[in-house]
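K.L.:
Protein chains in written order, with numbering that gives the first Met the number 0: chain A, 0 to 303; chain B, 0 to 303; chain C, 0 to 303.
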Amino acid sequence: MSTVNKVLMAPDGPEFSQLVQGYWRLGSWDMDAQARLTFLKQHIEMGISTVDHAAIYDAGHCETLFGEALKLDPSIREQIEIVSKFGINGIATSATEKRVSHYDSSKAGILASTENSLRRLGVEQLDALLVHRPDFLMDADQVAEAFNELKQSGKVKHFGVSNFTTSQFDLLQSRLDAPLITNQVEFNPINFDVVADGTLDQLQQHRVRPMAWSCLAGGAIFSAQTEQVKRLRATLSELGEELGADSIDQVIYAWILKHPSNPVALLGTGNIKRVKDAAAALTLKMNAEQWYRVWVASKGVNVP
Amino acid sequence: MSTVNKVLMAPDGPEFSQLVQGYWRLGSWDMDAQARLTFLKQHIEMGISTVDHAAIYDAGHCETLFGEALKLDPSIREQIEIVSKFGINGIATSATEKRVSHYDSSKAGILASTENSLRRLGVEQLDALLVHRPDFLMDADQVAEAFNELKQSGKVKHFGVSNFTTSQFDLLQSRLDAPLITNQVEFNPINFDVVADGTLDQLQQHRVRPMAWSCLAGGAIFSAQTEQVKRLRATLSELGEELGADSIDQVIYAWILKHPSNPVALLGTGNIKRVKDAAAALTLKMNAEQWYRVWVASKGVNVP
Amino acid sequence: MSTVNKVLMAPDGPEFSQLVQGYWRLGSWDMDAQARLTFLKQHIEMGISTVDHAAIYDAGHCETLFGEALKLDPSIREQIEIVSKFGINGIATSATEKRVSHYDSSKAGILASTENSLRRLGVEQLDALLVHRPDFLMDADQVAEAFNELKQSGKVKHFGVSNFTTSQFDLLQSRLDAPLITNQVEFNPINFDVVADGTLDQLQQHRVRPMAWSCLAGGAIFSAQTEQVKRLRATLSELGEELGADSIDQVIYAWILKHPSNPVALLGTGNIKRVKDAAAALTLKMNAEQWYRVWVASKGVNVP
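#1: How big is the Cα-Cα spacing for L136(A) and V228(A)?
#2: At least one CB of chain C closer than 8 angstroms to the CB of Y56(B): is that the case?
#3: Compare the C-beta of Y102(A) against all C-beta atoms of chain B and say whether one is closer than 8 angstroms.
#4: Using three-state DSSP, classify T2(A) as helix, strand or coil.
#5: Kindly confirm or deny that the segment 162-176 of chain A and the segment 122-138 of chain C touch, where touching means at least three C-beta pairs closer than 8 angstroms.
#6: Kindly indicate which three-state DSSP category K275(B) falls into: helix, strand or coil?
#7: Kindly indicate if chain A contains any beta-carbon less than 8 angstroms away from that of D51(C).
#8: With respect to the alpha helix (DSSP H) encompassing F191(B), which residues constitute its N-terminal and C-terminal limits?
#9: To the nearest angstrom, how far is the alpha carbon of A280(A) from that of E185(A)?
#10: For a test of the three-state rule: what should DSSP assign to H157(B), helix, strand or coil?
#11: Three Cβ pairs or more, each shorter than 8 angstroms: is that satisfied between the segment 96-109 of chain C and the segment 60-75 of chain C?
#12: Could you please give the first and the last residue of the uninterrupted alpha helix (DSSP H) stretch that includes L36(B)?
#13: Please classify R324(B) as buried or exposed, where buried requires at least 16 other C-beta atoms within 10 Å of its C-beta.
#14: Since T164(A) meets chain B, which of its residues come closer than 9 angstroms, beta carbon to beta carbon?
#15: If you draw a straight line from the alpha carbon of M30(A) to that of T225(A), how long is it in whole angstroms?
#16: Could you tell me which residues DSSP pairs with K84(B) in its beta bridges?
#17: Suppose you measure from the CA of N182(A) to the CA of C214(A); what does that come to, to the nearest Å?
#18: Looking at K97(A) and L129(A), is the spacing between their C-beta atoms short of 8 angstroms?
#19: Using 8 angstroms as the Cβ pair cut-off and three pairs as the minimum, do the segment 231-245 of chain B and the segment 288-299 of chain A touch?
#20: Among A253(B), I79(B), N286(B) and A177(B), which residue has its Cα nearest to the Cα of G46(B)?
#21: Please report how far the alpha carbon of S152(B) lies from the alpha carbon of S260(B), in whole angstroms.
#22: Using a C-beta to C-beta distance shorter than 7 angstroms, which residues of chain A count as neighbours of R208(B)?
#23: Can you list, in chain order, the residues of its chain whose CB lies under 7 angstroms from that of S236(A), leaving out five sequence neighbours each side?
#24: Our contact map puts I189(C) next to A219(C) with C-beta atoms below 8 angstroms; I'd like the distance itself, whole angstroms only.
#25: How would you list, in chain order, the residues of chain B whose beta-carbon sits under 7 angstroms from the beta-carbon of W290(C)?
#26: According to DSSP, which residues form a beta bridge with L69(A)?
#27: Residues in its own chain within less than 7 angstroms of I90(A) by CB, not counting five upstream and five downstream?
#28: What separation, rounded to the nearest whole angstrom, lies between the Cα atoms of G86(A) and L64(B)?
#29: Who are the Cβ neighbours of I271(B) in its own chain at under 8 angstroms, not counting the five residues just before and after it?
#30: What are the boundary residues of the beta strand (DSSP E) that V50(B) is part of?
#31: Using three-state DSSP, classify H258(C) as helix, strand or coil.
#32: Under 8 angstroms, Cβ to Cβ, is there at least one residue of chain B near S173(A)?
#33: Could you pull out every residue in the same chain whose Cβ sits closer than 7 angstroms to the Cβ of F146(C), ignoring the five residues on either side in sequence?
#34: Give me the residue from A211(B), N301(B) and N286(B) with the minimum Cα distance to L18(B).
#35: I need the DSSP call for S104(A), collapsed to helix, strand or coil.
#36: Mapping the DSSP letters down to three states, classify F15(B) as helix, strand or coil.
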């Protein structure tokens with residue numbers, strides 16, 4: 000069985016597994032606490048030791064469900080790295096509700112969200128806390144104050160961001176002592192804007208690894224009927240044969256992991272078979288021509 | 000009555016009042032010199048001590064009209080901070096005129112424009128001189144030479160820019176000893192591109208305050224009949240009630256001033272009642288959810 | 000006759016002639032080796048001592064043809080600066096070919112491409128080697144390793160890039176000891192995006208000169224029938240009269256060379272008469288208003 004390696008996320012940063020198990024859909028996996036624990040142990044055994052959460056996933060319920068599983072075997076905590084995120088204040092929409100979902104990166108908001116995540120997960124410390132979405136009202140000094148307090152109290156070891164532009168990243172980094180350890184970004188064959196818009200250039204420059212989310216485009220790769228996705232499916236299948244891959248998923252993970260910013264990839268499935276498939280992708284050797292074939296299939300034009 | 004505070008514009012920069020009286024429409028206010036002086040004294044009394052001019056406003060006539068008022072009571076000069084701008088060479092269009100309006104940031108052009116502004120205003124020194132528009136022909140070394148000369152001769156205390164992109168700002172800053180003290184940018188509920196495109200991130204990073212121009216979108220907020228502006232009017236009215244504001248103007252100023260780059264806002268009205276209304280906006284407390292409600296009304300979609 | 004001057008390309012960089020003879024169309028000039036040598040001597044005599052090549056031009060054949068001419072008079076080598084480029088792996092398309100053209104900036108790829116260019120040109124050293132196109136798979140460390148090796152072996156003196164965005168430039172520069180000596184970019188009256196998108200701001204900031212390619216938009220300036228190009232032709236002709244230029248070409252070169260990033264301009268013609276015309280453009284004095292008239296003709300709107 001393939002073993003997923005651990006990689007350094009940033010200078011002085013933590014080590015994460017090159018594939019990270021995302022738990023945003025945990026609420027829909029229909030697993031009892033024991034089944035959740037089993038799933039967790041299975042992916043740890045493969046070397047997938049890093050897990051990704053956020054306060055907003057099912058309004059905190061995903062963290063609660065995960066915490067219940069952890070409680071069944073507290074020795075697991077030491078074997079994993081837990082990432083969570085803060086900052087989206089969801090507000091249920093209704094015909095009469097005038098208020099809107101928004102972001103909150105106030106110091107008080109960050110501290111409260113983190114306390115809630117720790118409580119729900121039933122742990123004392125997060126390995127990393129990420130800003131979930133760029134908040135146009137982000138006061139970088141306030142965020143830095145909150146991060147310092149969480150670091151000093153031992154509640155969070157490392158800090159990062161998600162979906163940040165380069166200028167947002169520079170701004171926040173300018174107020175922090177330690178390097179941000181990641182920018183978690185959308186990266187899949189349908190949308191890989193971050194490859195060309197400077198986001199991944201910035202990370203490569205600072206030797207900070209991105210975490211790639213929505214690697215399979217939320218499933219659109221398999222089902223969408225646009226010309227773009229049809230071209231992509233044909234090319235990915237063809238590459239699957241050339242590379243001896245078992246599935247299109249594997250080709251996609253290999254494609255993402257080949258990027259020189261050295262991403263780690265988030266998995267969203269609760270199906271252990273598909274997790275194993277993904278892990279096997281790490282052994283595939285894709286060359287540059289094959290990588291660009293996906294680029295061409297996605298864009299519908301040749302490279303300039 | 001509310002008193003408008005003074006705020007530091009940048010490290011080692013000047014202090015400006017948090018609301019700045021803009022004089023670009025002075026020519027249309029139909030005031031004699033005494034009325035202009037009265038208006039000026041009234042806003043100084045509120046704490047609005049900073050005034051904004053530019054060489055191009057009515058081809059210099061606005062500066063001349065302001066200078067006439069100042070001459071009636073020269074003691075006023077010490078109570079105010081005067082900002083002016085250079086760099087747009089307007090050319091009247093006509094059927095036979097082939098020449099076009101253009102920018103001039105040559106050293107000779109900067110020195111000449113500044114002399115003319117000083118002469119028209121009847122003062123010895125500007126508190127700040129801004130580049131009015133980015134000039135694609137800007138030779139940053141020449142601009143720096145002009146700035147140094149104006150600084151040494153005591154004709155200008157501080158320097159800034161207007162409508163600059165982040166790369167233009169970086170370029171000019173790289174040639175200067177002192178920090179640029181502002182980037183004056185368009186910022187209103189219809190157009191707030193600077194919030195997301197990096198412009199305000201850069202300023203926040205360097206602790207330089209933007210000056211927000213066109214806060215009321217040239218009046219379009221009150222009159223335009225687009226779907227966007229209709230949504231905005233409804234949301235701003237609703238917020239006005241929640242916040243206990245007297246007018247939509249106040250809600251808009253509160254919305255702009257809430258941004259963490261700490262803008263100062265330009266007023267364009269010659270109606271002292273509306274100036275007072277704006278000053279009262281400084282006491283309004285808008286929360287993040289309310290700020291994003293304007294974002295949502297403007298964009299027509301929820302935040303991601 | 001006008002003499003083209005040499006200019007410093009970057010701090011510690013090489014000196015290139017302000018006009019550079021491009022050889023990408025050499026294969027279509029229908030010259031025997033002696034005619035090629037004559038052409039080369041003629042432009043050297045004018046002061047155009049820098050020549051521009053790339054591994055991809057006619058799949059290497061342009062370098063071979065140039066090398067044949069050099070071999071007829073090896074003393075020429077010391078009188079010129081040779082630029083070449085690497086990184087595009089062209090793949091002939093056919094009905095059955097599934098592979099696509101792509102980029103290669105692997106260390107092995109860079110070393111092999113450079114060896115091939117040296118062999119075809121019949122020289123021991125390139126004055127400058129450029130990355131031809133940004134490779135989304137560029138591992139900046141590998142590129143730096145290759146550059147160091149080529150520098151130490153004496154095979155290449157200086158390094159630069161072409162068509163790079165600002166973040167790609169920053170990334171690669173961050174791994175190199177010496178400054179990149181240029182970014183070769185498209186710059187003509189139809190497409191001058193680099194003037195506003197930060198590319199030339201970055202170069203001016205670092206005092207690195209761009210090399211302008213496609214100055215005449217591949218001839219589209221003379222032949223295209225779009226409204227934009229019709230406006231441009233009318234304005235360029237009018238400016239030609241005002242400036243006493245012999246041709247529209249000259250006006251365009253003067254327009255490009257006026258940019259404060261101090262570009263050097265690439266010529267693509269094999270017609271020595273047109274090369275002479277271009278050299279004469281260096282004596283034209285275009286003012287800012289005239290420069291912006293081309294801007295306005297291209298954009299179809301006045302400056303803001």
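Note that CB positions come from ideal geometry on N, CA and C, so glycine has one too.
Keep in mind it's a predicted model, so treat the numbers as computed, not measured.
P.N.:
This is what the structure gives:
#1: Each residue's alpha carbon lies about 36 angstroms from the other.
#2: It does not; no Cβ of chain C falls within 8 angstroms.
#3: Against chain B, the CB of Y102(A) has a partner CB under 8 angstroms away; the residue lies at that interface.
#4: T2(A) carries a coil assignment under DSSP once its states are collapsed to helix, strand and coil.
#5: For the pair of segments examined, the segment 162-176 of chain A was found not to touch the segment 122-138 of chain C: the number of CB pairs separated by less than 8 angstroms stays below three.
#6: In this structure, K275(B) counts as helix in the three-state DSSP scheme.
#7: Interface annotation, D51(C): not in contact with chain A, CB-CB separation never under 8 angstroms.
#8: Boundaries cannot be given for F191(B), as no alpha helix (DSSP H) includes it and DSSP labels it neither H nor E.
#9: Between the alpha carbons of A280(A) and E185(A) lies a gap of roughly 19 angstroms.
#10: In the three-state DSSP reduction, H157(B) falls in the strand class (E or B).
#11: These segments do not touch.
#12: Where L36(B) is concerned, the enclosing alpha helix (DSSP H) stretches over A32 to E44.
#13: One cannot answer for residue 324(B) here, as it falls past the ends of chain B, which runs 0 to 303.
#14: Against chain B, a Cβ distance below 9 angstroms from T164(A) picks out A195, D196, G197 and D200.
#15: Using only the alpha carbons, I get a separation of about 34 angstroms.
#16: DSSP output for K84(B) lists L129(B) as bridge partner(s).
#17: Counting only the Cα atoms, C214(A) lies some 15 angstroms from N182(A).
#18: Judged by their CB atoms, L129(A) and K97(A) are not nearer to each other than the 8 angstroms cut-off.
#19: Fewer than three pairs of CB atoms, one per stretch, sit closer than 8 angstroms, so the segment 231-245 of chain B makes no contact with the segment 288-299 of chain A.
#20: With distances taken between Cα atoms, G46(B) lies closest to I79(B).
#21: Counting only the Cα atoms, S260(B) lies some 32 angstroms from S152(B).
#22: Residues of chain A passing the Cβ test: none, with the nearest at roughly 14 angstroms.
#23: Excluding positions up to five away in sequence, the list reads I247.
#24: I189(C) to A219(C), Cβ: 6 angstroms. Contact.
#25: Listed along chain B are L136, each with a C-beta nearer than 7 angstroms to that of W290(C).
#26: Beta-bridge analysis with DSSP links L69(A) to no other residue.
#27: In chain order, E96, R98, V99 and S100 place their CB closer than 7 angstroms to the CB of I90(A), counting only its own chain and leaving out the 5 sequence neighbours on each side.
#28: The C-alpha of L64(B) is placed about 50 angstroms away from the C-alpha of G86(A).
#29: Cβ within range, chain order: F38, Q41 and H42.
#30: Start and end: T49 to D51.
#31: Coil at H258(C), not helix or strand.
#32: Answer yes: the Cβ-Cβ gap between S173(A) and chain B drops below 8 angstroms somewhere.
#33: Cβ within range, chain order: F158 and L175.
#34: Put simply, of A211(B), N301(B) and N286(B) the residue whose alpha carbon is nearest the alpha carbon of L18(B) is A211(B).
#35: In the three-state reduction of the DSSP assignment, S104(A) falls in the coil class.
#36: When DSSP states are grouped into helix, strand and coil, F15(B) belongs to the strand group.
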